[in-house]
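Enquirer:
In my numbering, the protein residues as written are 312 to 1013.
#1: Using DSSP with H/G/I as helix, E/B as strand and the rest coil, what is residue 776?
#2: With distances taken between CB atoms, is the gap from residue 499 to residue 449 smaller than 7 Å?
#3: Could you pull the DSSP bridge partners for residue 1014 from this structure?
#4: What's the call for residue 640, buried or exposed, on a 16-neighbour Cβ count within 10 Å?
#5: Between residue 840 and residue 741, how many whole angstroms is the CB-CB distance? I'm expecting something under 8 Å.
#6: Give every residue of the same chain whose Cβ lies closer than 6 Å to the Cβ of residue 363, excluding the five residues on either side of it in the sequence, and list them in chain order.
#7: Comparing C-alpha positions only, which one of 603, 717, 794 sits nearest to residue 561?
#8: Run through the region 478-505 for me and flag every whole beta strand (DSSP E) of 3 or more residues, listed as ranges in chain order.
#9: Tell me which same chain residues have a C-beta within less than 8 Å of the C-beta of residue 1016, skipping the five on either side of it?
#10: Per DSSP, which one or two residues make a beta bridge with residue 816?
#11: Taking 7 Å as the cut-off, decide whether the C-beta atoms of residue 1006 and residue 980 are in contact.
#12: May I ask you to report which of helix, strand or coil DSSP gives residue 422?
#13: Measure the Cβ-Cβ separation of residue 988 and residue 976 and say whether it is below 7 Å.
#14: Taking only three categories from DSSP, how would you classify residue 471?
#15: Hey, could you find the ends of the alpha helix (DSSP H) residue 648 is sitting in?
#16: Can you grab the Cα-Cα spacing for the pair residue 313 / residue 888, in whole Å?
#17: Within its chain, find whatever has a CB closer than 6 Å to the CB of residue 768; leave out the 5 residues flanking it on each side and keep chain order.
#18: Starting from the Cα of residue 670, find the closest Cα among 698, 717, 722, 730 and give me that residue.
#19: I need the DSSP call for residue 314, collapsed to helix, strand or coil.
#20: Identify which residue in 680, 803, 968, 525 has its Cα closest to the Cα of residue 399.
#21: Hey, which unbroken runs of the beta strand (DSSP E) at 3 residues or more fall wholly within the region 325-397?
#22: Can you tell me where the beta strand (DSSP E) holding residue 549 begins and where it ends?
#23: Figure out for me which residue from 580, 868, 821 has the closest Cα to the Cα of residue 774.
#24: For residue 513 and residue 343, I'd like the C-alpha separation in whole angstroms.
#25: Mapping the DSSP letters down to three states, classify residue 878 as helix, strand or coil.
#26: What does the Cβ neighbour count give for residue 471, buried or exposed, with the cut at 16 atoms within 10 Å?
#27: Taking the alpha helix (DSSP H) that residue 802 falls in, what are its first and last residues?
#28: Write down every uninterrupted run of the beta strand (DSSP E) in the region 852-934 whose length is 3 residues or greater and which is fully enclosed by it, in chain order.
#29: Where do the N-terminal and C-terminal ends of the alpha helix (DSSP H) with residue 986 fall, by residue?
#30: Tell me the rounded alpha-carbon separation between residue 953 and residue 942.
#31: Go ahead and label residue 1004 buried or exposed: buried means 16 or more other beta carbons lie within 10 angstroms of its beta carbon, across all protein chains shown.
#32: Starting from the C-beta of residue 497, find all residues in its chain whose C-beta is less than 6 Å away, skip the five residues before and the five after it, and write them out in chain order.
#33: Does DSSP put residue 838 in a helix, in a strand, or in coil?
#34: Starting from residue 283, follow the beta strand (DSSP E) in both directions and report where the run begins and ends.
#35: Any contact between the region 341-357 and the region 374-387? By contact I mean 3 or more CB pairs, one from each, below 8 Å.
#36: Beta-carbon within less than 8 Å of residue 489's beta-carbon, same chain only, minus the 5 sequence neighbours each way: which residues are those?
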């Protein structure tokens, strides 16, 4: 069972904005709220045009490359050993080769060459190239670049990593030097390489190289950058082309490992295989797998990447098993020295240790170090505080790398612990996009597809549900767990299912996914976390409403002489029993949901489940479908709704019926209200009540 996470419910945007986006895009309110929360307000935000961003030096670099092609100069593409660097090298090597360039790639060895340009390799580069173009590296290699230019080699740097205080001499294409990109997502190394190729083709009067977007999409997803703006446009186009990629090696990999050909599959099935080759010193193998045009060689190289990924997994598991017993969970940060460890998998192991203990993790192996940190404690800031013990370091807030002499590790650990103690202890947080009822899952899932591709900056939404557990089933010899809530299958990967028992009440934070098995497709929930009911808090302030059990509230109202308010049959009962009835704004407790906003900074609500069900007719899509089948309604509002949707398939109701959109808005607001009443804190319930009033006003007045 999950640990002591803080679960937080994201507030809805303004209900009026949710309603307008529902009408504009024909999406349900659960999805409209997620779209607005992420800044998607129209179709162009969701499907931005693919065009080169304003990159200084882009056209100058293209002109120099065109000149090299025309003169028959030897062009060397200097890549990197990770998936972004390998795909970037593949894009320019293949793309320029098709234009007649004398071009070849150099892919560094992770352990022997390290990241970026290596001074020891400069003589080789001088001998092999007239023009050297870096991809996904180079901006921090001023000395190596100067040595190349002194030796007569022209240099173009294309990169996206952190820039030094003083840029190196020469021609640089880097988003950091574009004021127009400040505050906007940057393309990765593969993205920058793609736009360099675009500019070269443009200079030669040729169309954009859209056939290379699939390679650029792999590098972009693998590098975990925000999939917004230009990155979103590039990945969407690339994924559209991935299934039928013209690149034989990439098509072979994708057809082996993809079902949906989406960003999630790229991130978890294709990118790890490319990265595994780099981690284990065979990045060249990954490069050849992406660039070969021979189907037999593509199959052989895909086999090799599969084998390398299995080896990487084994090395990773062995390292994890060695280091876990050495961890002291009481330390403010975790510092691990594993002399036998493989530097190529340190980062993955650090991430897994962090997942287990939720503390910053620093791993040292063979003089190299890797850091993965938690929000609020900067990885590179911690290294700066311990710099006297290091030979060198670099990185950013979430992840960093360093080098260290083994005898300095104890002092380094003490300095890291001292740094961590100066910061609040990290606490994991699960952020919920909203409750999700099984009754609307199909409609929600269909519209969630608009948000794809999912990834950094645009993660799969996380919904909340709860209920008694049924159909518990361990999977893969207990490595995963499956169970049902309310008839919906829930699966949690890499979880032994501690605390998951038949009949036990659980609350679950999960992503809504489609499972295709033997040609049958079903919706299910992929759990992010689960736990015994503990409730959630809400972001923001406003009206605070305390939830009370109706029976206990009646006793307390009698005992303390509270003023009460009710409606309908409930009001008659309260009056008959001698309770002091007052207006909603003066009541100490409401025994019904007030139909209109009440100006009261603090209130109490005591409502039965039956009372919630009576707030909206029909109460569910299932009941609405039944009403459509019968074809008649006594209620005038329901009659209007039926008139608008009659004769249309349910998947078109959001598009064709304003009345249905208003009903769905109220339906979602009611589900938030019910969930907040049972599980939320007073701020959650107050905010949900305000949203219900706004949604009810739209339903009853329009």
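Note that the Cβ used here is the ideal one computed from N, Cα and C, for glycine as well.
Expert: A quick look at the data gives this:
#1: Here residue 776 refers to the residue found at position 465 when the chain shown is read from its first residue. Residue state, collapsed to three classes: strand.
#2: Numbered from its first residue, the chain shown carries residue 499 at position 188. Numbered from its first residue, the chain shown carries residue 449 at position 138. In this structure, residue 449 does not lie closer than 7 Å to residue 499 by Cβ.
#3: The structure shown does not extend to residue 1014, since the chain is modelled only from 312 to 1013, so the question has no answer here.
#4: For this step, residue 640 is matched to residue 329 along the chain shown. With fewer than 16 Cβ atoms within 10 Å of its Cβ, residue 640 is classed as exposed.
#5: The sequence position of residue 840 within the chain shown is 529, counting from 1. The sequence position of residue 741 within the chain shown is 430, counting from 1. Confirmed, Cβ separation roughly 5 Å.
#6: As a first step, residue 363 is located in the chain shown; it is residue number 52 there, counting from the start. Closer than 6 Å at the Cβ level, and outside the excluded window around residue 363, lie 506, 509.
#7: Position 250 of the chain shown, counted from the first residue, corresponds to residue 561. Ranking 603, 717, 794 by Cα distance to residue 561 puts 603 first.
#8: 482-484
#9: There is no way to answer for residue 1016, as the model of the chain reaches only from 312 to 1013.
#10: On the chain shown, position 505 is the one that residue 816 refers to. Looking at the DSSP assignment, residue 816 forms a beta bridge with 779.
#11: As a position in the chain shown, residue 1006 is number 695, starting the count at 1. As a position in the chain shown, residue 980 is number 669, starting the count at 1. Yes, Cβ-Cβ distance for residue 1006 and residue 980 is below 7 Å.
#12: What you label residue 422 is simply residue 111 of the chain shown in a count that begins at 1. Three-state result, residue 422: coil.
#13: As a first step, residue 988 must be located in the chain shown, where it is residue number 677. As a first step, residue 976 must be located in the chain shown, where it is residue number 665. Against a cut-off of 7 Å, the Cβ pair of residue 976 and residue 988 comes out as no contact.
#14: Taking the first residue of the chain shown as position 1, residue 471 is located at position 160. Coil at residue 471, not helix or strand.
#15: Numbered from its first residue, the chain shown carries residue 648 at position 337. Unbroken run through residue 648 is the beta strand (DSSP E), 645-648; no alpha helix (DSSP H).
#16: On the chain shown, position 2 is the one that residue 313 refers to. On the chain shown, position 577 is the one that residue 888 refers to. Legend: pLDDT at residue 313 = 46, less than 50; position of this residue unreliable, value from coordinates given subsequently. Their backbone Cα atoms lie some 46 Å apart in a straight line.
#17: Here the question's residue 768 lines up with position 457 in the chain shown. Excluding positions up to five away in sequence, the list reads 537, 538, 539.
#18: Residue numbering aside, residue 670 sits at position 359 when the chain shown is read from its first letter. Of the listed residues, the one whose Cα sits closest to residue 670 is 730.
#19: Numbered from 1 along the chain shown, position 3 holds the residue referred to as residue 314. Caution applies to residue 314, whose pLDDT of 49 falls short of 50 and renders its modelled position unreliable; the value that the coordinates give is listed next. Note: residue 314 maps to coil in three-state DSSP.
#20: Working through the chain shown from its first residue, we reach residue 399 at position 88. Considering only alpha carbons, the answer is 525.
#21: 385-389
#22: Counted from its first residue, the chain shown places residue 549 at position 238. Where residue 549 is concerned, there is no enclosing beta strand (DSSP E), although the alpha helix (DSSP H) it sits in stretches over 540-553.
#23: One-based indexing of the chain shown puts residue 774 at position 463. Here the closest residue by C-alpha is 821.
#24: One-based indexing of the chain shown puts residue 513 at position 202. One-based indexing of the chain shown puts residue 343 at position 32. Distance between the alpha carbons of residue 513 and residue 343: 39 Å.
#25: Indexing the chain shown from 1 puts residue 878 at position 567. Three-state DSSP puts residue 878 in coil, outside helix and strand.
#26: One-based indexing of the chain shown puts residue 471 at position 160. Buried, by the Cβ-count rule.
#27: Along the chain shown, read from residue 1 onward, the residue named residue 802 stands at position 491. Residue 802 -> not in any alpha helix (DSSP H); beta strand (DSSP E) instead, spanning 799-803.
#28: 855-858, 874-876, 913-916
#29: On the chain shown, residue 986 is found 675 positions in, with the first residue counted as 1. Element bounds for residue 986: 969-990.
#30: Start at 1 with the first residue of the chain shown, and residue 953 comes out as number 642. Start at 1 with the first residue of the chain shown, and residue 942 comes out as number 631. Answer to the nearest angstrom: the Cα atoms are 7 Å apart.
#31: The sequence position of residue 1004 within the chain shown is 693, counting from 1. Flag for residue 1004 reads buried.
#32: For the purposes of this step, residue 497 is identified with residue 186 of the chain shown, where counting begins at 1. Contacts found: 471, 486.
#33: Taking the chain shown and counting its residues from 1, the one referred to as residue 838 is at position 527. Strand at residue 838.
#34: Nothing in the structure corresponds to residue 283, since the chain is present only between 312 and 1013.
#35: no
#36: Your numbering for residue 489 matches position 178 in the chain shown. 364, 365, 366, 367, listed in sequence order.
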